[in-house]
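*Asks:* As numbered in numbering that gives the first Met the number 0, the sequence shown has no gaps in its residue numbers, which increase by one up to the final residue, 351. Heads up, the beta-carbon is just placed ideally off N, CA and C, and yes, glycines get one too. Just so you know, these numbers come straight off a predicted model, no measurement behind them. Structure provided below as structure tokens; questions to follow.
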Amino acid sequence: MTTDIAGLRLTAYASGGGCATKVPQAELSAILADLPLTGGDPALLIGAGSGDDAAVYRLTDDVALVVTTDFFGPVVDDPGDYGAIAAANALSDVYAMGGSPLLALNLVAWPPPDVLPAAVLEAVLQAGADVVRQAGAVIAGGHSVRDPEPKYGLAVVGTVRPDQVMSNAAGRPGDALVLTKALGTGVVSNATKLGRAPDHAVAAAVRSMRTLNREAAGAAAACGVRCGTDVTGFGLLGHARTLGRASGCGVAIDAGTLPVLPGVEELIVAGLVPGGSRRNLAYADTWTEWAATVDPVRRTLCTDAQTSGGLLLAVEPGRLDELRERLVEAGCVAAAVGGLVEGVPGSVRVVA
């Protein structure tokens, strides 16, 4: 298709974008509380019960499937960037489980062409397919429906050895927590939608969101890491709390060590925080022990709803330096942001 889509502001077609549009964590937890989530099949190694990033189903002693899905509305205005970011975000769940992507299915909800040119969807799908190919996987089909607002993502199937799964339930007190991408994509995406994001902030956020978590997962595997998660719509604290609770540990975060994307702190001060991040913070306030030294900007960073965020890895202290060195060699962020501690499972304390 040759329809001119230059200058189109894709975020203007959606009321919200990215993982900031997740159902709020408190609401979702209440909905799921009474549902049967384990499945009762011994081959289902990881289901929904622990709030992990993907399901893991054992096929043989050597092979298990990793199955996940993720989709959302536009976080940026460029269709190609949107498609690439959505694909990288969906693939991340497989990497967070220690797996390798195998195949993916497109998930599309899209307005009619008189609202949004069909060439836009073509650009989104092409960019998504390019990222899937970069990950060593293939697009095998998909499903589409009409929707007043554009949404795109993937269902992904990967593989992992059953004895090499990286789950959110394998952490131990004393493990260090390492974050592999800078924070702030939710704030930048919201500022983009409002037309107030500086170009340098958008460029840095797009680079981060387009980056696969493959290299970070490879570094983790090389260091024997068996506990991790990716940081997305519930923010750093929301996902750290889930990991701590699943692992039977408390969580300690040092907000002074958090890596931050360029321009984000200024955007927070300007009040450009998305609703999803504000809801995350309000919820976190009910279960987080904040040190008095943690200022409002750092509290927002702790709970900003990330899209295609980094991995949060729990590594034994004796291999922390090795992990950070491998991450840096792979071009990843390698921020030691806290650790797992003895305490009430899922309890969270933040210092600065």
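Starting from residue 318, trace the alpha helix (DSSP H) in both directions and tell me its first and last residue.
*Replies:* Where residue 318 is concerned, there is no enclosing alpha helix (DSSP H), given that its DSSP letter is neither H nor E.
*Asks:* Residues in its own chain within less than 6 angstroms of residue 65 by CB, not counting five upstream and five downstream?
*Replies:* If you ignore the 5 residues before and after residue 65, its C-beta comes within less than 6 angstroms of the C-beta of 53, 55, 93, 96, 98, 157, 159, all in its own chain and listed in chain order.
*Asks:* Using the DSSP secondary-structure output, state which residues sit across from residue 145 in a beta bridge.
*Replies:* 109
*Asks:* Does the region 166-175 come close enough to the region 126-139 that 3 or more CB-CB pairs lie under 8 angstroms?
*Replies:* Flag = no, the region 126-139 and the region 166-175 do not touch.
*Asks:* Would you check if there are 3 or more beta carbon pairs closer than 8 angstroms linking the region 267-286 to the region 200-212?
*Replies:* no
*Asks:* Residue 100 to residue 292, Cα distance in whole Å?
*Replies:* 42 angstroms
*Asks:* When you compare the region 289-307 with the region 251-264, are there three or more beta-carbon pairs, one atom per stretch, that lie closer than 8 angstroms?
*Replies:* yes
*Asks:* Please state whether the Cβ-Cβ distance between residue 9 and residue 149 is less than 9 angstroms.
*Replies:* The beta carbons of residue 9 and residue 149 sit closer together than 9 angstroms.
*Asks:* Would the region 29-49 count as touching the region 169-179 if we require 3 or more Cβ pairs under 8 angstroms?
*Replies:* no
*Asks:* Whole angstroms is fine: what's the gap from residue 304's alpha carbon to residue 199's?
*Replies:* Take the alpha-carbon of residue 304 and the one of residue 199: they are about 20 angstroms apart.
*Asks:* Does residue 182 come out as helix, strand or coil in the three-state DSSP assignment?
*Replies:* strand
*Asks:* Excluding sequence positions up to five away, which residues of its chain have a Cβ less than 8 angstroms from the Cβ of residue 351?
*Replies:* Counting only Cβ-Cβ distances below 8 angstroms, and skipping sequence neighbours, we find 253, 254, 255, 290, 292, 293, 294, 297.
*Asks:* Quick check on DSSP: helix, strand or coil for residue 79?
*Replies:* helix
*Asks:* Closer than 8 angstroms by C-beta to residue 343: which residues in its own chain qualify, once you throw out the five before and the five after it? Chain order, please.
*Replies:* Within its own chain, the residues whose Cβ lies closer than 8 angstroms to the Cβ of residue 343, once the five positions on either side in sequence are excluded, are 249, listed in chain order.
*Asks:* Does the structure place the region 266-275 close enough to the region 80-93 that three or more beta carbon pairs sit under 8 angstroms?
*Replies:* no
*Asks:* Indicate the three-state DSSP secondary structure (helix, strand or coil) for residue 21 in the structure shown.
*Replies:* coil
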